[in-house]
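Novice: Just dropping this structure here.
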């Protein structure tokens, strides 16, 4: 099932405001144009946590800082033939220890793949038969 867009914090606060004034789920959903299940979920979250702000999600924190992430990208744009082991060594010089596969993943996410395309000759009428 597809997930819909997140409801803005301002709208969630409005739901709680109306709920506190004594209206039910059905009345709130009609007034604001939200689904009843959405209104219910917002109110349940507010009751449980006392807030409508997005809570931090679970997951492992990143091992490499944004500043350290930019360094290999800059080096690879200067010299595309730099290996991931060389990049790992350069990061070790600034006291960041990461695996070379982590560096390759970061480069891939930024559109820098681990290969240089072969140079092709220019096409002309003479070369096309």
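Residue numbers (this note's numbering): 999 to 1127. Ideal Cβ positions, reconstructed from N, Cα and C, are used throughout, including at glycine.
Could you tell me the alpha carbon to alpha carbon distance between residue 1084 and residue 1062, rounded to whole angstroms?
Specialist: Within the chain shown, numbered from 1, the residue matching residue 1084 stands at position 86. Within the chain shown, numbered from 1, the residue matching residue 1062 stands at position 64. When rounded, the distance between both Cα atoms is 16 Å.
Novice: Within 10 angstroms of its Cβ, does residue 1105 collect 16 or more other Cβ (buried), or is it exposed?
Specialist: As a working mapping, residue 1105 is identified with position 107 in the chain shown. Residue 1105 should be labelled buried.
Novice: Whole angstroms is fine: what's the gap from residue 1033's alpha carbon to residue 1003's?
Specialist: Working through the chain shown from its first residue, we reach residue 1033 at position 35. Working through the chain shown from its first residue, we reach residue 1003 at position 5. In a straight line, the C-alpha of residue 1033 is about 13 Å away from that of residue 1003.
Novice: Output the boundary residues of the alpha helix (DSSP H) element that contains residue 1100.
Specialist: For the purposes of this step, residue 1100 is taken as residue 102 along the chain shown, with counting starting at 1. Note, residue 1100: alpha helix (DSSP H), 1098-1107.
Novice: Please look up how many angstroms separate the CB atoms of residue 1014 and residue 1050, rounded, as I've assumed it's under 8 Å.
Specialist: Taking the first residue of the chain shown as 1, we reach residue 1014 at position 16. Taking the first residue of the chain shown as 1, we reach residue 1050 at position 52. With 8 Å as the limit, residue 1014 and residue 1050 qualify as a contact, their Cβ atoms being about 6 Å apart.
Novice: By the three-class DSSP mapping on this structure, what secondary structure does residue 1085 have?
Specialist: Position 87 of the chain shown, counted from the start, is the residue given in the question as residue 1085. Helix at residue 1085.
Novice: Where do the ends of the alpha helix (DSSP H) carrying residue 1027 lie?
Specialist: In the chain shown, the residue the question calls residue 1027 occupies position 29. Segment 1023-1030, the alpha helix (DSSP H) holding residue 1027.
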